[in-house]
Amino acid sequence: MPRSTKIFKRLQQKAEKRRIPLNALFELTHRCNLRCSHCYVDNENHTELTTDGVKKALDILKDNGTFFVIFTGGEAMLRSDIYEILTYAKISGFVTTLFTSGTIIDGNNAERLIKTGTDDYEMSIYSDIPSDHDALTGVDGSFKRTMGAARLLKSLGAKVTLKTVWSKLNFARVKEMYALADKLGCELRGAPYISVTNSGDTAHLNTRCNDDELTELFSSMYELQKERIDETFNEVRSKEYDYETLKDKRICGACVTKLRIDPYGNIYPCVAFGNAMGNITEDDFKSVWSGDSFAKSFCELRVTDIKKCRDCDRFAFCRYCPADSLKECSDMLIPTDEMCRVAKAHRTAFYNTMKKI
Ligand code: SF4
Ligand code: SF4
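Printed below as a string of structure tokens:
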């Protein structure tokens, strides 16, 4: 179900009101065959959930209202039971997505994967220039393998979405990246947010675009999507003038409509919060979901509690992440410099484009 549809939005609103974990991100393994420099995954060496453990977790999620499950890793395709898990999830009625680098998908296993009925495959590309992509993943030939997998899955009728992290490496390649996605018949999604990892690593932050690069990036994207400018303008206007209505709005979906399960069964508020609330196969899910003290206090927070954002002219262009604030400012209600910087560049690019048309 496309996330832009009315029915999806209604489902989200209902889930938000009743605090139903509609969206689960399920990390099946932290093992990986790539070495991406920005990777947030901590390579602990614990015993992963067994096939039955994963199925049990899926049953619990289903009983508690989860509808969308994204399977990820590490590299989820490294699990030999991946086909069984994906098939079980579909039979259970979930809408499923597999995040994969595609580097171990080829003619030997693609058809088997298609038979699982997985709704969407999402693959990351970091540049349209193979050597730049490979430099970031740390593995020569990974670009060629990812592209090969995307092409193969598309030829077998699968939906494939390409994702990117916009950075110093690719901010000047917007046109080429969208052209590459077009050629494959895939949507390209991307964002320029490069965060501190859950274990506190910051080395990769030097790949963040500087202010001018960010403005160039957003301008190039608007340039390519001029037909969407009216829609964006309406969204911006409604956000600019409706700040007061946000006093009832939660900051984001973490531990409200979203959760993350790690390969060992631990439950987290979302991909970016590192505090485990309990374990899905060992604890009673309902008690964890409603009783965790962090979740309880987080759910009380509203957008209007972020004092610095009041009257901010960048508000409509901002993506506020309380987990990033916690990691960088030790306070969920203090915006990071990075959020404000990206929002400023986005606003500048938007109004520059508006002036031109
Ligand atoms: S905005 Fe940040 S904290 Fe909220 S759900 Fe997204 S990643 Fe998690
Ligand atoms: S730009 Fe900064 S101050 Fe403005 S809304 Fe975003 S986080 Fe808040």
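With my numbering applied, the sequence shown covers -19 to 337.
Don't be surprised by glycine CBs; every beta carbon is placed ideally from N, CA and C.
Boundaries (first-last residue) of the alpha helix (DSSP H) holding F330: DSSP places F330 inside the alpha helix (DSSP H), whose first and last residues are 317 to 336.
Integer Cβ distance of I247 from G258, believed to fall under 8 Å: 5 Å
For D43, count neighbouring C-beta atoms within 10 Å of its own C-beta (all shown protein chains included) and say buried if the count is 16 or more, exposed if not. exposed
So is the beta-carbon of P172 under 6 Å away from any non-hydrogen atom of ligand 1? no
Around ligand 2, which residues pass a check of Cβ closer than 7 Å to any of its heavy atoms? I286, K288, C289, C292, R294, F295, C298, Y300, P315, M319, C320, A323, K324
Heavy atoms of ligand 1 versus C-beta positions, residues under 6 Å: C232, G233, A234, K238, C250, V251, A252, F253, C301, P302, A303
Just checking: is the beta-carbon of V216 within a distance shorter than 7 Å of some beta-carbon in chain C? No chain C appears in this structure, which consists of one protein chain only.
Identify the continuous beta strand (DSSP E) that holds E308 and give its terminal residues. Element bounds for E308: not the beta strand (DSSP E) but the alpha helix (DSSP H), 302 to 309.
I'd like to check one pair, D108 with E55: are the Cβ atoms closer than 7 Å? Not closer than 7 Å, so no.
Let me check understanding here. Comparing Cα to Cα, which of L160, T187, S122 lies closest to L149? Just measuring C-alpha positions, the residue of L160, T187, S122 sitting nearest L149 is T187.
How far does the alpha helix (DSSP H) with S122 in it reach, from first residue to last? Element bounds for S122: 122 to 135.
Residue range of the beta strand (DSSP E) that includes T141: 140 to 145
Of the listed residues M312, K(-3), V251, nearest to F278 (C-alpha basis): M312
By the three-class DSSP mapping on this structure, what secondary structure does E167 have? strand
According to DSSP, is E28 helix, strand or coil? In the structure shown, E28 sits in coil (DSSP, three-state: anything other than H, G, I, E or B).
Is the distance from the Cβ of V145 to the Cβ of M201 below 7 Å? no
Which residue or residues does DSSP assign as beta-bridge partners of R240? L5, Y248
With distance defined between alpha-carbon atoms, name the residue in N3, T31, M103, T141 nearest to V75. N3
Residues in the same chain with beta-carbon distance under 7 Å from H326, minus the five sequence neighbours each way, listed in chain order, please. In its chain, beyond the 5 residues on either side, F198, F297 have a beta carbon closer than 7 Å to the beta carbon of H326.
Three-state secondary structure (DSSP) of A343: Nothing in the structure corresponds to residue 343, since the chain is present only between -19 and 337.
Count the other CB atoms within 10 Å of the CB of H10; is the residue buried (16 or more) or exposed (fewer)? buried
What's the gap between the Cα of N178 and the Cα of C232? 18 Å
Just the Cα atoms here: how many angstroms apart are R169 and T31? 31 Å
Are the segment 257 to 271 and the segment 313 to 325 touching by the rule of at least three beta carbon pairs closer than 8 Å? no
Please report the distance separating the alpha-carbon of F(-12) from that of Q205. 24 Å
N214, DSSP secondary structure in three states: helix
By the 10 Å Cβ neighbour count, where 16 or more other Cβ atoms means buried, how is A130 classified, buried or exposed? Result: buried.
Thinking C-beta only, is F265 closer than 7 Å to I40? yes
Alpha carbon to alpha carbon, what distance is there between G137 and L78? 15 Å
Which same chain residues, not among the five before or five after L133, have their C-beta less than 8 Å away from its C-beta? Once the five neighbours on either side are set aside, the close Cβ partners of L133 are G82, I85, A90, L93, I94, Y101, V140.
Residue from A183, L116, S305, E7 whose Cα sits closest to the Cα of V251: E7
Where does Y68 fall in DSSP's three states? helix
Do D304 and S147 have their C-beta atoms closer together than 7 Å? no
Same chain only: Cβ atoms within 8 Å of A171, ignoring 5 sequence neighbours per side: V145, W146, R299
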